[in-house]
Amino acid sequence: MKKLLIFMAIFCSVGLIAAQEKPNKNKKAEFAVGGNCEMCKKRIEKAAYSVKGVKSAVWNVQSGNMQITIDERKCSVKDVQKAIAKIGHDAGEERAENKTYENLHHCCLYDRLPEQK
Numbered sequence: 053m054k055k056l057l058i059f060m061a062i063f064c065s066v067g068l069i070a071a072q073e074k075p076n077k078n079k080k081a082e083f084a085v086g087g088n089c090e091m092c093k094k095r096i097e098k099a100a101y102s103v104k105g106v107k108s109a110v111w112n113v114q115s116g117n118m119q120i121t122i123d124e125r126k127c128s129v130k131d132v133q134k135a136i137a138k139i140g141h142d143a144g145e146e147r148a149e150n151k152t153y154e155n156l157h158h159c160c161l162y163d164r165l166p167e168q169k
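Heads up: take any position in the sequence shown, counting from 1, add 52, and you land on the working numbering.
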C-alpha cells in the first residue's frame, strides 16, 4: 500500500511538470499602439525590433494595431511594449512618459487616453 501511494505521488508530480506551458518560439500577439503617420510606423517598428527575440513587427497606421511574433524564450510582449513606450508611444498597458511624448514631431502627437489610476 505504501509503495502504491509513493508511485501515485511520483506519477502525479511527473504529470504536473509535463503539463506546464513551455515558452513558444513563435508567439503571435496584437495590441494597440498610439501614433498617427508613417514616421510613427517607422519609429514604432524599429523600437520593437530592438528587443532581442522579436521576429516580426508590423504596425497598422489606420487601425493603430501592432502585430508581433516573438520568441518567448528571449523576450515577452511586455518587453516589446516597454521598448515602444520608451520612445514616446503608448503601447498596450505601457504608457510613454509625458516628456518623451511631448518631444515627438508635431504630426506624431496622437490623442492619448487619460491616465488610469
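Heads up, the beta-carbon is just placed ideally off N, CA and C, and yes, glycines get one too.
By the criterion of a C-beta distance shorter than 7 Å, Tyr-101 is surrounded in its chain by Ala-109, once the five residues flanking it on both sides are discounted.
For the alpha helix (DSSP H) assignment, the uninterrupted runs of no fewer than 4 residues enclosed by the region 62-146 are, from N- to C-terminal side, 90-101, 129-138. The distance from the Cβ of Val-106 to that of Cys-127 is about 7 Å, consistent with a contact at the 8 Å cut-off. The residues Ala-109, Val-110, Trp-111, in chain order, have a CB closer than 8 Å to that of Glu-97 in the same chain once the five nearest residues on each side in sequence are set aside. In this structure, DSSP gives His-158 a helical state, which the three-state scheme calls helix.
Out of Val-85, Val-129, Lys-130, the CA that lies nearest to the CA of Tyr-153 is found in Val-85.
By the Cβ-count criterion, Leu-156 is buried, with 16 or more other Cβ atoms from all chains shown falling within 10 Å of its own Cβ. In terms of Cβ geometry, Pro-75 and Arg-147 do not form a close pair [threshold 8 Å]. Pairing Lys-77 with Asp-123 gives a Cβ-Cβ distance under 8 Å. Annotation: Cys-89 to Asn-150 spans about 19 Å, alpha carbon to alpha carbon. With respect to Gln-119, Glu-82 sits close: the two C-beta atoms are nearer than 8 Å.
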